[in-house]
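In this note's numbering, the protein residues as written are 86 to 313.
Everything on this sheet refers to the single structure shown next.
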Ligand code: ADP
Ligand code: MG
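This is the structure:
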């Protein structure tokens, strides 16, 4: 597959098979994807259709059984485990359903922690973390811990954290799954703003029909394949 500069994500015949004992579960059965840079894409499909597996393969958290993944012109198959980790930390933002915040740290510390691994100086890290919290409207909550915040606020901290490293790609797995519909609307609108603002590409795995009006495209996954 030839890397194309205008595409954030390219996959060709992506297959991921899990082997459990003598049983093979085909989680992805040949996914061909071409996502232009800057798009906001919803990945829909029933539970077990392969959404999480696909996001994990695109973000280098999981290795496909066969097929190729190219993200922003870079083929992931050639990278070592160490190179993958480095690439992921510098170019990808992850958001999970369960937020994944560290409970003993404040909102600010949760975001700033992402920057510790970068080479930024202390003041730059501080400015950047505060800027990200401002982007999600939580600058006044910087000193609060997750348990003092609502689910929507915690998810916004997770969003601030996911953009802290200036990622080119955000992969969000059921990121609104725990939120009520009003908060879901807020978070989706926030995603749109961030994507437009920073030219980021985003894939959001979800069951939620509320996303339809916010995304550029809906990809329907069924049984490890793209249905349309
Ligand atoms: P979704 O996120 O759409 O619910 P998943 O990607 O989690 O779907 O799962 C796709 C299929 O792969 C399912 O049949 C699931 O049971 C299987 N699967 C996912 N992860 C594993 C794993 N670590 N080991 C074995 N089977 C798995
Ligand atoms: Mg899933």
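Where a beta carbon is used, it is the ideal one built from N, C-alpha and C, also for glycine.
Computed from a predicted structure; not experimentally measured.
Rounded separation between residue i and residue j - CA only
i	j	result
residue 110	residue 219	43 Å
residue 269	residue 295	8 Å
residue 127	residue 263	17 Å
residue 155	residue 171	16 Å
residue 287	residue 224	24 Å
residue 159	residue 90	10 Å
residue 144	residue 267	29 Å
residue 150	residue 202	30 Å
residue 119	residue 161	15 Å
residue 227	residue 86	45 Å
residue 136	residue 204	33 Å
residue 231	residue 187	8 Å
residue 300	residue 114	25 Å
residue 131	residue 305	9 Å
residue 147	residue 217	28 Å
residue 207	residue 233	26 Å
residue 129	residue 190	33 Å
residue 271	residue 116	31 Å
residue 102	residue 210	40 Å
C-beta contact flag for residue i and residue j at 7 Å
i	j	result
residue 256	residue 164	no
residue 93	residue 138	no
residue 246	residue 195	yes
residue 240	residue 276	no
residue 309	residue 112	yes
residue 192	residue 229	yes
residue 290	residue 265	no
residue 178	residue 248	yes
CB-CB length for residue i against residue j, believed under 8 Å
i	j	result
residue 244	residue 180	6 Å
residue 169	residue 142	The Cβ separation is near 11 Å, so there is no contact.
residue 250	residue 199	6 Å
residue 96	residue 153	7 Å
Any non-hydrogen atom of the ligand SAM within 6 Å of residue i CB
i	result
residue 102	With respect to the ligand SAM, the structure shown offers nothing to examine, as its ligands consist of the ligand ADP and the ligand MG.
- For the ligand ADP, residues whose Cβ lies under 6 Å from any non-hydrogen atom: So the residues near the ligand ADP by this Cβ test are 103, 105, 110, 112, 130, 132, 133, 134, 135, 136, 137, 138.
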